[in-house]
Amino acid sequence: MSKYSAFSLARHALDPDLPWPRAWRSPEPKASYDVVIVGGGGHGLATAHYLAKNHGITNVAILERSYIGSGNVGRNTTIIRSNYQMGANTGFFEHSLKLWEGLSHDLNFNCMVSQRGQVVVAVSPVQMDVFARRGNIMRLNGIDAELLDRGEVMKLLPYLDYSKDARWPVCGAIHQPRAGTARHDAVAWGYARSADMAGVDIIENCEVTGFAIENGKVTGVETSRGRINAGKVAIAVAGHTSHVAKMAGLRLPVESHILQAFVTEPLKPIVHHVVSWGAELFYLSQSDKGGLVFGGHIDGFNTYTQRGQFAKIRDVAECAVSLMPFTSRVRLLRHWGGIQDMTPDGSPFICKTPVKNLYLNGGWCYQGFKATPASGWTYAHTIANDEPHALNRDFSLDRFEKGNELDEFGIGNWTYKQ
Amino acid sequence: MRLACPHCGPRDYSEFRYGGDASKQRPPHGTTGHGTGDLQTWHDFVFLFDNPKGPHLEYWQHVLGCRRWFTLTRNTATNEVGEPK
Amino acid sequence: MTFRRLPSGGRIDRNRPVGFTLDGKRYRGFAGDTLASALLANDVTLVGRSFKYHRPRGIMSAGVEEPNALFTLHDGARTEANMPGTIVDLIDGLTARTQNAWPSVELDVMGINQLAAPLFQSGFYYKTFMGPTKGAWMFYEPFIRRAAGLGAATEAADPDRYETRFDFCDVLVIGSGAAGLAAALSAAGGGGRVLLVEQDSALGGGLLSEPEQDGWLQARLGEIRNASNIQALTHTTAIGLYDDNMVVLVERHDHRQPDPAKGQARQVLTMLQAKAIVFATGAIERPLVFANNDRPGVMLASAVRTYLNRFGVAPTGRAVIATNNDTAYAAAFDLAAQGVEVIVADSRTEIPADLQRRNSIEILAGTSVVDVKGKNTLHAVLDGAEQRTITCDVVGMSGGWSPVVHLTSHGGIKPVYNAAIAGFVPGGFAKTHSGAGAVMGTFGLNAAIREGAAAGGGSIAIAAAGGEDRPYAIVPTWMPPRRKGKAFVDFQNDVTAKDIKNAHQEGYHSVEHLKRYTTLGMGTDQGKTSNIIALAEMAELRGLPIEQAGTTTFRPPYTGVSLGAIAGRTIGGHFRPTRRSPLHDWHAANGGVFIEAGLWQRAWYYRWAGDTPESAYVKEMGLVRRGVGISDVSTLGKIDVQGPDAAEFLNRVYVNGFAKLPVGKARYGVMLNDDGIVLDDGTTTRISETQFYMTTTTAQAGEVMSWLEFLLQTQWTDLKVQVASLTDEWAGMAISGPKARAALELAFPGVDVSDAKLPYMGCLDFSFDGVPIRLLRLSFSGELAYEVHLSADYAISLWEHFLKTGASLGLKPYGLEALASLRIEKGHVAGLELDHRNTLDDLGLGKMAGKEKDYVGKALRQRPMYQAPERWSLVGLELLEPEKRLRGGAILFAKDDKIEGHGRGYITSVTWSVELGKTIALALYNGGLKHVGEEIVCAFPLKNELTRAKIVSPHFIDPEGKRLHA
Amino acid sequence: MLERRSALAVAHPFAWAALTLGEVRGFTLTQVAGFGNFAADVAATAGALPETSNQAVESNGRTIFRTGPHAFWFVGPENDDLAARLAGKAIVTPLSSSRTRISIEGRAAREVLRKGIPIDLHESVFTPGMFAQTGLHHTPVLLHCTAEQRFELYAMRTFALNVWEWLEDAALEFK
Ligand SMILES: Cc1cc2nc3c(=O)[nH]c(=O)nc-3n(C[C@H](O)[C@H](O)[C@H](O)COP(=O)(O)OP(=O)(O)OC[C@H]3O[C@@H](n4cnc5c(N)ncnc54)[C@H](O)[C@@H]3O)c2cc1C
Ligand SMILES: NC(=O)c1ccc[n+]([C@@H]2O[C@H](COP(=O)([O-])OP(=O)(O)OC[C@H]3O[C@@H](n4cnc5c(N)ncnc54)[C@H](O)[C@@H]3O)[C@@H](O)[C@H]2O)c1
Ligand SMILES: Cc1cc2nc3c(=O)[nH]c(=O)nc-3n(C[C@H](O)[C@H](O)[C@H](O)COP(=O)(O)O)c2cc1C
Ligand SMILES: [Zn+2]
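Protein chains in written order, with UniProt numbering: chain A, 1 to 418; chain B, 1 to 85; chain C, 1 to 966; chain D, 1 to 175.
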């Protein structure tokens, strides 16, 4: 009996000796697979799930150097939304949000997809125009969006600083009611369990250390647990994209930067939305456990250490207290960092590479968690068909050569700029 | 993190501005024509990064201080900072 | 009665009684008490309900590791949730409330959760709440959220004040136990600046609970007080270690009840840069895992001892001490000395002989406490050679000690397992770090002192303490001795030994999965008492040695820190610096209304023209179009570019040529980034062969300055050019309108400002009243216009001079809104068009670029898609339906397009055109000016608007530029 | 008649027991930079130049700060004609209006400055005559120690009032 339900829960409650099955096995790696996925983060695991579900490809291994979910899927601020205005992004992220909406059912694993709405607070009339453009594009693409004036924001978020003392005024906001959060770890585990049930081998503590490439075609990987042959190899290692791609001789438009995240002590429900701020990059939501989970900008320099600078921690706390003065008395419980794969234009890659049968998924910047389902979906398609899905066609490596950047945030082609 | 400005000496990280990979060679000025080979050179220079896990030669500016731009090597796996140039 | 205050003893000040309330009920304690010790003294043992099962909970510890005894303190805007009573100094009038229980901790209704407990095993929520429909979680979530969370915060703004500061020292000693005191004294002997920080309210660490060592302690404290180079701070926690020896300290003044009105801070955060750091953070005792080990009255053995010796609070009758190691005997002896009947259940079969010396204590070897029964009275069930149930007031447990390795590993060094002490110790130290005392697993007092002295540099001898160190022995026990009943590992998050077993069964094997699946160690205590037990249990289940299982990652802060302390005073109005123009005071005093523009405050409009921006800007525009206005443009970036190669340099950074710009002439220039995207625009004037005066947009001034410095200092080091910012040195004011020249003539009598002397794009430097003036004939509005630049010191004076001399012409000030609208009429691009996504051609400026010369961005602006004919480029729009509106952010469609998707462009800027008497806009449109004359649809679905407009040239007024040249 | 006006015209200087906050008005700030051997030419006119980047030199009635490897600040009296005298010998940029000179004096001065400035201000380390180009509240400042308990802070003019407000707020506890 492997299906999760209230019923199975009750049966186990009545019979404490009835063992729960393992969520996923930990098999020894086989000598060869049709597809080897490098990286057991959200994207790698989702890709395996959709390879099996959508394309019937199950002779698949996911190789994870540590424990699954040890990367950014396990350390992000869990915001999901589809408020994108630039070309391919709009459809891609909306597809993702639609998949989120059915994900717990699809996986038979409660990912706690909480569509509590995201409110982005604008601090100037000009910013209202910028938000309006985004909201209009959303509406024109069938995505929910509302423009709120100051009064409406006051009703929704009574705890913001509306005083004269505020450095920047609250001018209004853009609101996506369907946006929200999801339980990050559950996403990794749910995809893992589902892929595992379909026959995929999830191999933890197995680091990829090289690629076997013959005549421009990849034939397998070298790992800390020996050589594994593969028909196709798919990279999905987020912050380590450059590092792993280099093993295949690729040099990419990616830099690795640390983004920090924060959680406070658990409190009774007080913040009922995802709240973001237009003054500086700042976003906060309350986890179901009660902690306020929040973050800001990347620290702003290349690093693979998962520790941040205190100066940035101050910036973020200053945002929290300035936007929401009550947070001043709330205590920070823990802060950590994740390594983000930043691209010049802020948009990702889901594409083929110059090496045949080697595929790339990376460059997720601030937005890879919300992308997880659609990323897995389109990456699986790309791998299965050796050509991109309509939704990820523009997420190609050659877009900078062509001048086809997707600069969603209007910060220009400068990865470390904030 | 503390970085040493070659003019002012060691200072807190918050006084600096990061300038990215300094190992890349900017194509010389005056050589930009209209050919595509040129485009490739510039594309690689602007868009591709080694992004190493280990020693990284990089630019910093002492932006709140003497405004000097300089380079130093920092280990991206440990954040250990070397001497400035 | 189970606890009472002893008539004497302890470190409390019995002459200073202190009143406080819990849940509205009044109690008394003494200065020197913590909230927890005072409650125990009042025999209040039930102080909360647990997170998930709502089980009754009491006080477990006497320190920062407390998982249970969390209170909400204070009222109103000062409400503070989840404070461990064990670290709250008792102050007069303190109000505390219990948490997570309704209507009261005694009668908590949610206690029925305990009945359903089998359903609530770890991770249960991942397995249910998924049906019946797709969005079902949205139905369940509010219930789960309400049940979760611990205390409640208030929505009110915090009235208190917080301070942040920087500091430096030679040696930082963290922890003031015997090891830390020795380290600080020894380091001070070396002459450096020593900082000793202690989170507790007093220096002394574990010694505060050891009356027999008080002599040694007092002697050392005296030496510390007398050492001029030691600064010792109590109530100060080292919360984290950051790169390059930055340690962040938080000092709490809550107990002093600081007055924010007097500038006193409730908490002070110090970013300390230490040359060397000694970690003397001690160790924390672990509980034992047995059924119902969470009952109120079950405490850490060391806590029982601390309450007894430091606070003079003792159990009234009988105590059971459960242990697997030697240290709990100290509590047993001290209790016995107070006349408490003590039974020691030691799970070890062999007990060191020297511990068996007291016949007043019953010692049961090979015996474990396996369960605790009873609701109001404790009945400890002992299992060993025989089964016994003992009714008692307290069960003091000791499962061994976990060194406080947290800070030592913040820098990335993982702790390692030391089997001799059954705990993790630092896995090594960076060059300038060292450790001493219990944190190293050194549990002997004199050994700790020696280690401290050595860590501090060993420059002076530190006196030894009385008595001999005895070896420390432990036979670790991790698993509960019996299966039945809830045996807690993480008390705060209600994680039991059974949950760990389940997690193992389901494959959540890695310690990180275990943590995330069960939430073990994720509470406010961050698993200080539970983490090691849990990972040891998991290792045992997996058949791995503990060292292979490893620990989860220790992360800052060591204990919770209010966000207020981190933000300090950089909040509210001081959140980011405010930048003010040299003319600011005039605007403020003369009806200027300000608007934020980045860090700047700019004059948005003036009251003379109206009371709302909508009404005022139109009037101000009219002033410029028909008369003359004056506007503050001091926020423009201004850069002095000097040197023999200045012309060559500008020729490289601007797309258009500057090499041949004549002296005394200005030119409009555009800069690209290397990628071919427009970076900035502005006018640059040649002052001499080797000197230029560059202006940039307000928004990009800093960026451009840094970029120029970058190029000169790192890329083109052969160019002899110096750049210096003049943004603060010079003020700028625009005099615009058909009567602008007349205004200048009135203002500067005797200065020839004729068209011949000062033609369009000309520059005139002269001195007025002894003050150098730079007069540039530039126009942003499209009218005859000038910019006057001068030393910022004289800005207001000259501005007033203009207003006075220009009064006959009707000269008045106009603000940012009018400025921005005038430029729309003229078709000049600005911030909304320069949004880092547009190329030169998109903005209709492609023709400016030099064909022959090289310039920054030249190569990459030629990428295929940057040259594609269907790119969105600058057009003008005229509203065709006067009763409707055009709005910024509207999406554009061709007349017959289906209104969906991304459209063919969007509106960047909109204004009412005074000149044309209609609404106009600038927009980016697919194919741009090819479509002039076409009717299009502007969609603004956010307001359900569809509006017809016509594409026109963006140069709405005076396209030939006659006015500029007038 | 054109009149000068300080960026701190609306600020209120104060003198408390522990702290005095004021403005130094009427000075000439001249930035002098150049290429190659320019320093020798400058020294010939203006006196010996400092070698170090943290110790100011007093010479000919001016305070000279070495602000960069090839740049100096000369702070002289009001109406100092140094700029004119150096014309042609170096790259000269007059900056008198661009910086506002705030004086901070008293036994609390170092502690107030510590709240914003990330350098070691201990009296044994940052001694009279020393200066540092550093940051305060995200803005660049030059901090000059003029006596054991007295400092001058050169703040950017357009931020000066804000820096003043910040200092005032930081000082409150010493009122
Ligand atoms: C602090 C923070 C907050 C964020 N907030 C949000 C947010 O709110 N919303 C949002 O949408 N996005 C957010 N993101 C981004 C998002 O988390 C990431 O973009 C996304 O999780 C990346 O995809 P992933 O899950 O596959 O990556 P990961 O989980 O990082 O997976 C990559 C995996 O590859 C493994 N790996 C690396 N090298 C090797 C190797 N050689 N061999 C084998 N395995 C290897 C790693 O161990 C890792 O497990 C945030 C990121 C961070 C750091
Ligand atoms: N198992 C044992 O037998 C055991 C355990 C602990 C201590 N001891 C005894 O205690 C004596 C000395 O021990 P010690 O000095 O190493 O430890 P200690 O416990 O006496 O002192 C450590 C001090 O560090 C403080 N501290 C911890 N983290 C801090 C932080 N982040 N910021 C500020 N303060 C912090 C604690 O509050 C405590 O006062 C010895 O006699 C030792 O034998 C014995
Ligand atoms: C959304 C989210 C919520 C979290 N909530 C908590 C929490 O309540 N308590 C806690 O201790 N850690 C919490 N964490 C942080 C984790 O403990 C952990 O620090 C993080 O996943 C990074 O892993 P690492 O610290 O092991 O590197 C949370 C993390 C995320 C991503
Ligand atoms: Zn410097």
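By construction, the Cβ of each residue, glycine as well, lies at the ideal position given by its N, Cα and C atoms.
Looking at ligand 3, does it come within less than 6 Å of residue i, judged from the CB to the closest heavy atom?
| i | result |
| --- | --- |
| Lys289/A | yes |
| Val495/C | no |
| Met83/C | no |
| Trp336/A | yes |
| His273/A | no |
Give me, in chain order, the residues of the same chain whose beta-carbon lies closer than 7 Å to that of residue i; leave out the 5 immediate sequence neighbours on both sides.
| i | result |
| --- | --- |
| Ala83/D | Thr30, Val92 and Pro94 |
| Val144/D | According to the sequence as given, residue 144/D is His; it is not Val. Contacts found: Ala56, Phe131, Phe151 and Glu152. |
| Leu45/A | Ile62, Ile68, Ala188, Tyr191, Ala192 and Ala195 |
| Met1/A | Any answer about Met1/A is weak, because its pLDDT of 45 lies below 50 and its placement is not dependable; what the coordinates show is given next. These residues qualify, in order along the chain: Ser8. |
Quick one, which of the options has its alpha-carbon nearest residue i's?
| i | options | result |
| --- | --- | --- |
| Gly34/D | Gln642/C, Gln264/C, Gly591/C and Ala659/C | Gln642/C |
| Lys370/A | Asn361/A, His184/A, Pro169/A and Leu148/A | His184/A |
| Pro481/C | Arg348/C, Ala565/C and Val618/C | Arg348/C |
| residue 1024/C | Phe893/C, Ala939/C, Gln199/C and Gly189/C | Nothing can be reported for residue 1024/C: it is not among the residues displayed for chain C, which extend from 1 to 966. |
| Glu222/A | Arg331/A, Thr343/A, Gly87/A and Ala31/A | Ala31/A |
Just checking residue i against ligand 2 - is the residue's beta carbon closer than 6 Å to any of the ligand's heavy atoms?
| i | result |
| --- | --- |
| Thr477/C | no |
| Gln199/C | yes |
| Leu333/A | no |
Going along the chain, which residues of its own chain have a beta-carbon closer than 6 Å to the beta-carbon of residue i, five neighbours each way excluded?
| i | result |
| --- | --- |
| Gln213/C | Leu207 and Ala465 |
For residue i, collect the residues of the same chain with a Cβ closer than 8 Å to its Cβ; drop the 5 residues on either side in sequence, then sort them by chain order.
| i | result |
| --- | --- |
| residue 986/C | In the structure as shown, chain C begins at 1 and stops at 966. Residue 986/C is therefore absent and cannot be evaluated. |
| Ala597/C | Thr635, Thr698, Ala699 and Leu816 |
| Ala109/D | Leu19, Gln149, Arg150 and Phe151 |
| Glu833/C | Leu843, Leu874, Thr908, Ser909, Leu922 and Leu924 |
Tell me whether residue i, by its Cβ, gets closer than 6 Å to a heavy atom of ligand 1.
| i | result |
| --- | --- |
| Val244/A | yes |
| Ser781/C | no |
For ligand 4, I want to know if residue i counts as a neighbour, meaning its beta carbon is within less than 6 Å of at least one of the ligand's heavy atoms.
| i | result |
| --- | --- |
| Arg251/A | no |
Members of the stretch 173-202 of chain C that neighbour chain E once the beta carbon cut-off is set at 8 Å
In the structure shown, chain E does not exist; the protein chains are A, B, C and D.
When Cβ atoms are compared, which residues of the stretch 759-784 of chain C fall closer than 8 Å to chain D?
Phe768, Asp769, Gly770 and Val771
Three Cβ pairs or more, each shorter than 8 Å: is that satisfied between the stretch 423-432 of chain C and the stretch 405-414 of chain C?
yes
Are there three or more Cβ pairs, one per stretch, closer than 8 Å when the stretch 53-64 of chain A is compared with the stretch 194-201 of chain A?
yes
Given a limit of 8 Å on CB to CB distance, which residues of the stretch 9-24 of chain B reach chain D?
Gly9, Arg11, Asp12, Ser14 and Glu15
Using Cβ-Cβ distances below 7 Å, what residues of the stretch 65-76 of chain B are close to chain A?
Thr76
Chain B contacts from the stretch 136-164 of chain D (Cβ-Cβ distance under 7 Å):
Pro140
Of all the residues that make up the stretch 243-273 of chain A, which are near chain B by a beta-carbon distance shorter than 7 Å?
His243, Arg251, Leu252, Pro253, Val254, Glu255 and Ser256
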